[in-house]
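**Student:**
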Amino acid sequence: MEREELGPDQIRRTLRRLAHEIVEQTADLGPLALVGVRTRGVHLARRLARDIQALGGSLPPVGALDVTLYRDDLDREASARAKLQKTDLPFSCADREIVLVDDVLYTGRTTRAALAALVSFGRPRRVRLAVMADRGGRELPVRADFVGKNLAVRPGAEVKVLLEEIDGRDALVVRTKGTAAPSRGPAPEDTP
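In the working numbering, the protein residues as written are 12 to 203.
This is the structure in structure tokens:
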């Protein structure tokens, strides 16, 4: 079963709001750069950069970061199957105000890997995290600075950000298994 949390117009408005928040909370936009975590984070970062520019600033540079080799939750077999993608940071991270952009924040492991990867390109002045959705369920002490939508979903549910560039439509959806939970009978206080 799939439930749509945000549609195309809501995604567009949410990105505009996130851009406003980033601008409001960044004293100097000069050293600002956006770094998208592959794959959907890159497209979101590009859109955010355009929205920041539309607010009267200049277009911040956008980079793409592949965190595959920095993950701590891949065993050797999974690592061999993992598809490496290109990291493209057309700027040094040294002394930059970096906004790391990802689609969904869940356990925090992808963010931890992204931070480890990012510092190999220079020591940023500050790194903040922007996500389209925060679904909770953290395994590491990670918190997003800019959140499009906070969701309360059950373990096992999938939160997916669909983007026009990849999926042919913009949406934030929650996918759950279509089976109902088995009945356990009446609650103890309801029995005679």
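Where a beta carbon is used, it is the ideal one built from N, C-alpha and C, also for glycine. Everything numeric in this text was worked out from a predicted model, so none of it was measured.
Pull up the distance between the alpha-carbon of D181 and that of E16, whole angstroms please.
**Tutor:** Their backbone Cα atoms lie some 11 Å apart in a straight line.
**Student:** Does the beta-carbon distance from L45 to A60 come in below 8 Å?
**Tutor:** In this structure, A60 lies closer than 8 Å to L45 by Cβ.
**Student:** Please report how far the alpha carbon of A125 lies from the alpha carbon of Y81, in whole angstroms.
**Tutor:** Looking at the two C-alpha atoms, the distance is approximately 7 Å.
**Student:** Within 10 angstroms of the Cβ of E88, are there 16 or more other Cβ atoms? Answer buried if so, exposed if not.
**Tutor:** Below a pLDDT of 50, predicted positions are generally treated as unreliable, and E88, at 49, falls in that range; the measurement from the model is reported next regardless. The residue is exposed, with fewer than 16 neighbouring Cβ atoms inside 10 Å.
**Student:** Please check the pair G159 and L70, which I expect to be a contact at CB under 8 Å, by giving their CB distance rounded to whole angstroms.
**Tutor:** Actually they are not in contact, since the Cβ atoms of G159 and L70 sit about 21 Å apart, beyond 8 Å.
**Student:** For L40, which residues in the same chain have their Cβ closer than 6 Å to its Cβ, ignoring the five residues on either side in sequence?
**Tutor:** Excluding residues within five positions, the ones whose Cβ falls inside 6 Å are G68.
**Student:** Which complete alpha helix (DSSP H) runs does the region 88-125 hold, if anything under 4 residues is left out?
**Tutor:** Counting only runs of 4 or more, we get nothing.
**Student:** Among Q36, A38 and A155, whose alpha-carbon lies nearest the alpha-carbon of R120?
**Tutor:** Selected option, being the one with the closest Cα: A155.
**Student:** Enumerate in chain order the residues of its own chain whose CB-to-CB distance from V78 is below 7 Å, with the five nearest sequence positions on each side excluded.
**Tutor:** So the qualifying residues of the chain are V48, T121, A124, A125 and A128.
**Student:** From which residue to which residue does the beta strand (DSSP E) around A142 run?
**Tutor:** The sequence shown places Val at residue 142, rather than the Ala named in the question. First-last of the beta strand (DSSP E) with V142: R137 to D145.
**Student:** Given T187, which residues of its chain have a CB within under 6 Å of its CB, disregarding the five upstream and five downstream residues?
**Tutor:** Hits under 6 Å: M12 and A168.
**Student:** So, for P72: in the same chain, excluding its five sequence neighbours on each side, which residues have a beta-carbon less than 7 Å away from its beta-carbon?
**Tutor:** Around P72: A44, P101 and F102.
**Student:** Taking all protein chains shown into account, decide if L204 is buried (16 or more other Cβ within 10 angstroms of its Cβ) or exposed.
**Tutor:** As shown, the chain starts at 12 and ends at 203. That puts residue 204 outside it, with no answer to give.
**Student:** When burial is assigned at 16 or more other CB atoms within 10 Å of the CB, is A141 buried or exposed?
**Tutor:** A141 comes out buried.
**Student:** Would you say G47 reaches chain D, if we count a Cβ-Cβ gap shorter than 8 Å as a contact?
**Tutor:** Absent from the structure is chain D; it holds one protein chain and no more.
**Student:** Is the distance from the Cβ of V115 to the Cβ of R139 below 8 Å?
**Tutor:** Not a contact, by the Cβ cut-off of 8 Å.
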